[in-house]
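Worksheet: the structure to be examined is printed underneath.
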Amino acid sequence: MVELFSSGRVADVILAVMVIEAIVLGGRALRGAKGPGLIEILANLASGACLVLALRMALTGEPPQVIGLFLMGSFAAHLVDLWYRLRRP
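The sequence shown maps to residues 2 to 90 in the numbering used here.
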C-alpha cells in the first residue's frame with residue numbers, strides 16, 4: 002500500500018476511474034440525457050484531473066513549479082465549469 006502512494010500510482014488509478022466517468026457521463030450528455038452538458042462535464046473532470054495530477058507530482062517529489070502549474074490548470078478549468086453552470090437557466 003505504501004508503494005501505491007509513494008510511486009504516485011494511486012493517482013493513476015484515480016485518473017483511470019475518471020476516464021471511465023468521462024466516457025459514461027459524456028455518452029449520456031451526447032444522447033441528450035438530463036443533467037449537465039458535455040462542456041460542463043469535461044470542465045469539471047479536467048479540474049479534478051489537474052488536482053489529481055498535482056497530487057501525483059507532490060507524491061513523486063516534483064518541483065513546486067510543476068505542482069503549481071497543475072493547480073493553476075485546475076483553477077482555470079473550474080472557472081470554465083462555473084461560467085457554464087451560471088449561464089444555464
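C-beta atoms are modelled at their ideal positions from N, C-alpha and C, and glycine is treated no differently.
- When DSSP states are grouped into helix, strand and coil, Met2 belongs to the coil group.
- Taking the Cα positions, Val81 is about 22 Å away from Val18.
- Put simply, of Leu43, Ile68, Leu5 and Arg89 the residue whose alpha carbon is nearest the alpha carbon of Val25 is Leu43.
- From the listed residues Ile40, Thr61, Asn45 and Ser48, the smallest Cα separation to Gly9 is found for Thr61.
- By the criterion of a C-beta distance shorter than 6 Å, Arg57 is surrounded in its chain by Gly9 and Ala12, once the five residues flanking it on both sides are discounted.
- Around Ala59, the same chain offers Ile68 as residues with beta carbons nearer than 8 Å, after the five sequence neighbours per side are excluded.
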